[in-house]
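*Asks:* If you read the sequence shown in the numbering used here, its first letter stands for residue 96, the second for the next number, and so on. Please find one structure pasted underneath; my questions will follow.
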Amino acid sequence: MIKTTTCNTVRTGISDAALHEAAHALAALGHGIGVLHVNRSEVGLESPGDLLQRGCHHGAIAIGYAVTALAGHAAAPESGLSKSDELLLEHAFFLGSWSDPPDEMRRAFSVLAEDFVHSHREEIQTLAIILDESRSLPGAVVEEIFGSMGQ
């Protein structure tokens, strides 16, 4: 098997696509964002409207969406950012309405995403293995397996 290093840990036999999407899904759960489904090409996320109705602050939701958008790339750097990742990041910037330059905010969120991936590497790898085997999971199953990731 080929071994590669990502976020200072060694992984074997897990596809980059599965790692990328697993990181998105678990970052969403870890930030209180509902996951509708996850497969090896996308993660369906619940609308932020529900979070707002539960009294979450716009800034906290925006940070959660930004980290979720960047977590896939942090888990599997070779996979890059998809158009949907970039779009989610743009929505996070809009929702947060930060006055800092977008490049600075992106760098800051990248650090948060990398920290999330490093802290949750084992769970991300576990979900990625499941995705490589089953190809797709409903969000309810992901939540059942991983709970609310400590939130």
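Ideal Cβ positions, reconstructed from N, Cα and C, are used throughout, including at glycine. All values derive from a computational prediction rather than experimental measurement.
In the DSSP output, which residue or residues are listed as bridge partners for serine 231?
*Replies:* According to DSSP, which records beta bridges pairwise, serine 231 is partnered with Asn134.
*Asks:* Mind checking glycine 154: buried by the 16 CB within 10 Å criterion, or exposed?
*Replies:* Under this definition glycine 154 is an exposed residue.
*Asks:* So, for aspartate 227: in the same chain, excluding its five sequence neighbours on each side, which residues have a beta-carbon less than 7 Å away from its beta-carbon?
*Replies:* Contacts found: Ile109, Ser110, Ala113.
*Asks:* Reducing DSSP to helix, strand and coil, say where isoleucine 97 ends up.
*Replies:* Only weak support is given to the placement of isoleucine 97: the predicted model assigns it a pLDDT of 32, under 50, and the value that follows is read from those uncertain coordinates. Note: isoleucine 97 maps to coil in three-state DSSP.
*Asks:* Could you pull out every residue in the same chain whose Cβ sits closer than 8 Å to the Cβ of proline 197, ignoring the five residues on either side in sequence?
*Replies:* Contacts found: Phe188.
*Asks:* Going by alpha carbons, who is nearest to isoleucine 158 out of Val236, Arg216, His126?
*Replies:* Considering only alpha carbons, the answer is His126.
*Asks:* Can you tell me whether DSSP reads asparagine 103 as helix, strand or coil?
*Replies:* Low confidence applies to asparagine 103: its pLDDT is 40, below 50, so where it sits in the model is not reliable, and the reading given next is rough at best. In this structure, asparagine 103 counts as coil in the three-state DSSP scheme.
*Asks:* If you count every other CB in all the chains shown that lies within 10 Å of the CB of proline 283, and 16 or more means buried, which is it?
*Replies:* Outside the displayed span of the chain (96 to 246) sits residue 283, for which this structure offers no information.
*Asks:* Over the uninterrupted alpha helix (DSSP H) stretch that includes histidine 153, give me the two end residues.
*Replies:* Segment 153 to 170, the alpha helix (DSSP H) holding histidine 153.
*Asks:* May I ask you to report which of helix, strand or coil DSSP gives glycine 191?
*Replies:* Reduced to three states, the DSSP call for glycine 191 is helix.
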